[in-house]
Every structure is written in structure tokens, then in C-alpha cells.
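In terms of our numbering, the sequence shown is numbered consecutively and its last residue is 63.
Heads up: the structure comes next, in C-alpha cells.
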Amino acid sequence: MLLLASGLIFWRALGHPLDDQRLAVAAPFVLIGLGLLAALTGRAGRHRR
15 MLLLASGLIF
25 WRALGHPLDD
35 QRLAVAAPFV
45 LIGLGLLAAL
55 TGRAGRHRR
């Protein structure tokens, strides 16, 4: 998560055009994907034990 945040800050620092629109559209999907991934890995870790 920290790596993703630092990557976004670096991307913003570059001042790439259209980044705001792309981030606004992609951010919710990225957060949902990270949440699902964390839930799946958490369940897998519990089942392994």
C-alpha cells in the first residue's frame, strides 16, 4: 500500500497529462482489488494453519 502511494506521488510529480482522470477512474477499482487480494491471502493463510 505504501509502495502504491509513493508511486502515485511520483507519477503526480512527473506532471503527466490525463493522470488525474485516470487515477479518479482507477483508484476505486485498485482499492477494491487490493481489499479482495488481502482477504483472499488472509483466508488462504488461515486455511494453511
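For glycine and all other residues, C-beta sits at the position ideal for the given N, C-alpha and C.
These numbers come from a predicted model, not from an experiment.
Asked: Own chain residues within Cβ distance below 7 angstroms of L51, not counting five before or after; Found: none
Asked: Beta-carbon proximity list for G21, same chain, < 8 angstroms, skipping 5 on both sides; Found: none
Asked: Spatially closest choice to L17 from P42, A53, T55, L48, by CA coordinates; Found: L48
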